Each structure stands twice: as structure tokens, then as C-alpha cells.
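Peer 1: First residue of the sequence shown: 19, per the working numbering; consecutive thereafter.
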Amino acid sequence: MLDKLRAQNEREHEVLGTGFFVLPASTNDIDECNKQANTLFNLSLSEDYISILKATDGFSCNGFNLYGCKQKHAPYFIDGILDANLEFWEEESLRKYFAYSEESTTRIVFNIESQMYEIVDRVSWDELYSFTTFKEALEFNLEDSCIFLE
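1. Under the criterion of a Cβ to heavy atom distance below 8 Å, does Ala43 qualify as lining the ligand NAP?
2. With a floor of 4 residues, list each alpha helix (DSSP H) that falls wholly inside the segment 78-131, ordered by position along the chain.
3. Which residue wins for smallest C-alpha separation from Phe38, given the options Asn46, Asn27, Ile48?
4. Per DSSP, what are the beta-bridge partners of Glu145 in this structure?
5. Quick one: Cα of Phe158 to Cα of Ile130, how far?
6. Residue range of the alpha helix (DSSP H) that Ile70 falls in?
7. To the nearest angstrom, how far is the alpha carbon of Ser69 from that of Glu121?
8. Suppose the cutoff is 6 Å on Cβ atoms and the five residues either side in sequence are ignored; what does the same chain contact list for Thr123 look like?
9. What is the DSSP secondary structure of Phe166, counted as helix, strand or coil?
10. Given a threshold of 16 other Cβ atoms within 10 Å of its Cβ, counted over all protein chains shown, does Tyr94 qualify as buried or as exposed?
11. Here's the rule I'm using: 16 or more other beta-carbon atoms within 10 Å means buried, otherwise exposed. How should Asp97 be labelled?
12. Assuming Phe106 and Phe59 form a contact by the criterion Cβ under 8 Å, report the distance between their Cβ atoms to the nearest whole angstrom.
13. Looking only at C-alpha atoms, which of Glu109, Phe166, Leu63 sits nearest to Gln133?
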């Protein structure tokens, strides 16, 4: 998955003059983010997600936003994964979800109760698709949402 993201970033850089990758998260930032996810939400971040953070600390591309370790405002806005989930968890019914991304109609979440990665409706949070890994959910969501134009 990371190779596909890198290739698409390079393609956009060649065509548009800029890619969608931002600076990678530092090892310390990733460790602290994972520690805080464990403390605040009683879970560990997906290893597939962590591997992406090592290349780019979140990204925004064609309406798809993968949350970073920390909120960013430049070169464009990216929510921080902990801040986004703390906000979602203010609504008690959403406390079974840990969100990794969003796009115009969906989110990728980890369902804490089922222990599955799900693509849910962005508004209702109804399950649309379910996967055993974050990588599978991300690959499907990027393809299904036509984020990367060929």
C-alpha cells in the first residue's frame, strides 16, 4: 500500500508540481501518539497506519484525509488522529469507533467491539464494509472513492 501511495504522490508531483505527502512523523511523535491512543482509547495504532506515518504524517488528496499524529495547517489542513477521535468520543454512541480517515461520504474506523476495520457512512456511522486489516480498508476506500485518478 505504501508503495502505491508513494507512486501516486510522485505522479501528482510530476503533473501538478506538488505531491500530497507532508513531512514524515518522527519516531518520537509516533511513539507518543501510540502511547496516547493506548491511554485515551485503550488501543494501539494499526501497524499499517504507523508505516504510512513514517513516510508522511497524514495526507489530504482529492477529498480523502488520512489523519496525522498531530494537526497541521500547512501546506494544508490535516486533523490529528487523537484530537479527531477525542471530538468524536464526546458523542457516547461513537465510543466504539476509532477513526483513521475521512472523505466526503465515508470514514475508515476501527470498531472496538467487533475488532474489525470498517468503512462507515460519514454522517450516520452505519457500517458499509468490513475488513480484518487497516491496509485492506484503506486500499478499498481509496479505490472505491476514486481518489487516485489513473
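Yeah, the Cβ is synthetic: ideal placement off N, Cα and C, and Gly gets one too. Nothing here was measured: the structure is a model prediction, and the numbers come from that model.
Peer 2: According to the structure shown:
1. For the ligand NAP, the structure offers nothing, since it holds no ligand at all.
2. 99-106
3. Asn27
4. Val138
5. 20 Å
6. 65-71
7. 21 Å
8. Arg140
9. coil
10. exposed
11. buried
12. The Cβ separation is near 10 Å, so there is no contact.
13. Leu63
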